[in-house]
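Note sheet for the following structure.
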Ligand SMILES: Nc1ncnc2c1ncn2[C@@H]1O[C@H](COP(=O)(O)OP(=O)(O)OP(=O)(O)O)[C@@H](O)[C@H]1O
Ligand SMILES: [Mg+2]
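Numbering (the working numbering), first residue to last: 1457 to 1719.
Rendered as structure tokens:
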């Protein structure tokens, strides 16, 4: 399979949820070590795609495939995918209530070390002295929890980190800090799929993809995709995330087609 430096290839992925077709023919390619941002209006299918890539319960594709590092993972469980190095942050609030923050971070690490834990907390602007012994519980603010989730992802060094709006609800961790953390991840060999609403975050990425109505309608240079987004996407009353483009739109956007990898 000629996947050279392509870490993830998604081909013609369709996913049905009770009551809605949430993914409708998604094609997406993510290269090794890139920061790839995924943008799109509310309801366009970004979180659904993240959950499908992770292999979450109820997101089994009816059609299409997901190839990770040359291996077809479409039918692998969430645990098997995690073992291959795929991680999704903010999928659910921390499930490890009561555990000290340091232990929580250590859970995902192959060789837990105090140094790495401190480094990860510092990377999200949390003082290690103040937070390592805090418990993961409701006494943490929403923003603190999000930072700890982000620190956990960084600490574990996954191969692919899927971050679903890590920037929302994090006020004090400015754009520059998040950007620096993403670059640090990339420099350490972590490939990042960043789902974001913040316009400025798009510029941090190497590549951007735009979702609309359950499919990826454009992939390319972040600035161009951002401009395309601003020009073509608008909230559409009838169904959030869909666009009133209809048939005539087929020629307007560049449908993103990857090479055929499904068997
Ligand atoms: N079980 C379901 N029944 C009906 N519709 C569903 C169901 N699950 C998801 N959807 C719809 O699928 C669409 C995609 O949702 P998704 O959460 O993937 O969007 P999103 O791009 O992450 O949006 P946001 O930017 O608001 O986070 C939404 O319109 C949502 O209402
Ligand atoms: Mg979402």
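Even for Gly, the Cβ is constructed at its ideal location relative to N, Cα and C.
- Residue 1464 holds the alpha-carbon nearest to the alpha-carbon of residue 1488 among 1471, 1587, 1464, 1473.
- For residue 1486, the uninterrupted beta strand (DSSP E) segment begins and ends at 1476–1487.
- Remark: the shortest separation between the CB of residue 1500 and any heavy atom of ligand 1 falls under 7 Å.
- When secondary structure is reduced to three states using DSSP, residue 1579 falls in the helix class.
- Relative to the non-hydrogen atoms of ligand 2, the Cβ of residue 1503 comes within a distance shorter than 7 Å of at least one.
- A straight-line Cα-Cα distance of about 26 Å links residue 1631 and residue 1673.
- Counting of Cβ neighbours within 10 angstroms places residue 1474 among the exposed residues, the total staying below 16.
- Between ligand 1 and the CB of residue 1476, the shortest heavy atom gap is smaller than 7 Å.
- Closest by C-alpha distance to residue 1719, out of 1684, 1531, 1494, 1490, is 1531.
- The straight-line gap separating the alpha-carbon atoms of residue 1520 and residue 1582 is approximately 41 Å.
- In the assembly as shown, residue 1483 is a buried residue. Its beta-carbon has 16 or more other beta-carbons within 10 Å.
- Inside the region 1516–1598, DSSP marks whole beta strand (DSSP E) runs of 3 or more residues at positions 1519–1524, 1542–1545, from first to last along the chain.
- By the neighbour-count criterion, in which 16 or more other beta carbons inside 10 Å mark a residue as buried, residue 1563 falls on the exposed side.
- Linking residue 1620 to residue 1655 through their CA atoms gives a straight-line distance of about 15 Å.
- For residue 1493, the three-state secondary structure derived from DSSP is strand.
- In the structure shown, residue 1621 falls within a coil segment according to DSSP collapsed to helix, strand and coil.
- DSSP places residue 1717 outside both helix and strand once states are collapsed to three, so it counts as coil.
- In this structure, residue 1493 sits near residue 1652, with a CB-CB distance shorter than 8 Å.
- The nearest non-hydrogen atom of ligand 2 is less than 7 Å from the C-beta of residue 1620.
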